Amino acid sequence: MRNSRCLKYRPAALLKKALCFCLLFLSLAGCSHPPAIGSSLPPLRPGELDAIERELSAHLSDPRYPDEQAILVTVREGLKGAKERNGGIGACLVRKSTGEVIEQAHNRQYVPYFRSDLHAEMDLLDRYEEKMKLTRSSDPNNPTFRNPRNMKGIVLYTSLEPCPMCITRIINSGVKEVYYAATDEEGGMAQRFDNLPPSWKRMGEGMVIKPARCSPELRALAARLFRPMYMAVDHNH
Ligand SMILES: [Zn+2]
């Protein structure tokens, strides 16, 4: 008994044990390092955009899904973004009572020049607010007199689950209803809405942020468009 206990604590055995701990620690530390956004997604293959475009033009809207038309607009916008070598994400604002698309946009982060703010939803709201030019005037005779955050009856659709930046922007804009086609498991904030700071959560109280009611085919196209861009001429950067 005594002998076997001594063997267990031999210097060589201790060294081996320490080495194992070190390796375990290093591998755990490596795992906990957060991956770059989108890094776990395979890159868009050359020719894939053409394939997506062909499938999108051949896509027959399914009337059983109430968000099909609006999501089709967002995916078409996403394709435009991808073809410009921006992000393949699109968004639109729809008047609920009529189904009219009142604004549409896509990601413009990289072309014509880098703009870290121009995610599709941000560009969409920029365009809408620039058009409306609403003020906080308390003078009812002012033609723009209105609560600028009164977005009643206006729904925001996007091809991808909004990120944290876009969720807070949407909350701040006053939009209360949001539907997205593809989920973003790594960067999406809709699924993590409860993790927002308390005041943003309060401001967004009663909001609907849900996966869109669209066909699985359209949802799959939206997901395929959300990929690190294939930069054919960008080998040196
Ligand atoms: Zn975003």
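According to this note's numbering, the sequence shown holds residues 315 to 551 in order.
Even glycine gets a Cβ: it sits at the ideal position worked out from N, Cα and C.
Only a predicted model underlies this, so the values are computations on that prediction, with no experimental measurement involved.
Which residue's Cα is closest to the Cα of residue i: the options?
i: L407; options: K397, A504, S487; result: S487
i: E417; options: A405, S411, Q423, L432; result: A405
i: W514; options: I484, P525, L532, Y494; result: I484
i: C528; options: E369, P380, A419, E362; result: P380
i: F540; options: N461, F428, R429, E499; result: E499
i: A526; options: P462, V415, L386, H420; result: L386
i: R538; options: G395, G402, P462; result: G402
Could you tell me the alpha carbon to alpha carbon distance between residue i and residue j, rounded to whole angstroms?
i: N464; j: M436; result: 18 Å
i: E443; j: T497; result: 27 Å
i: V425; j: M479; result: 20 Å
i: T388; j: K397; result: 14 Å
i: P356; j: E531; result: 20 Å
i: A434; j: P454; result: 33 Å
i: A495; j: M517; result: 24 Å
DSSP on residue i, reduced to helix/strand/coil?
i: F540; result: coil
i: Q383; result: helix
i: C406; result: strand
i: Q418; result: strand
i: V389; result: helix
i: K490; result: coil
i: L478; result: First, the amino acid is wrong: residue 478 is Pro here, not Leu. Helix.
Is it buried or exposed, residue i, if we count other Cβ atoms within 10 angstroms and call 16 or more buried?
i: M446; result: exposed
i: N456; result: exposed
i: T472; result: buried
i: Y427; result: exposed
Practice task
Check each residue's C-beta against every heavy atom of ligand 3 and list, in chain order, those closer than 6 Å.
Solution key: Among the ligands in the structure shown, ligand 3 does not appear; only ligand 1 can be found there.
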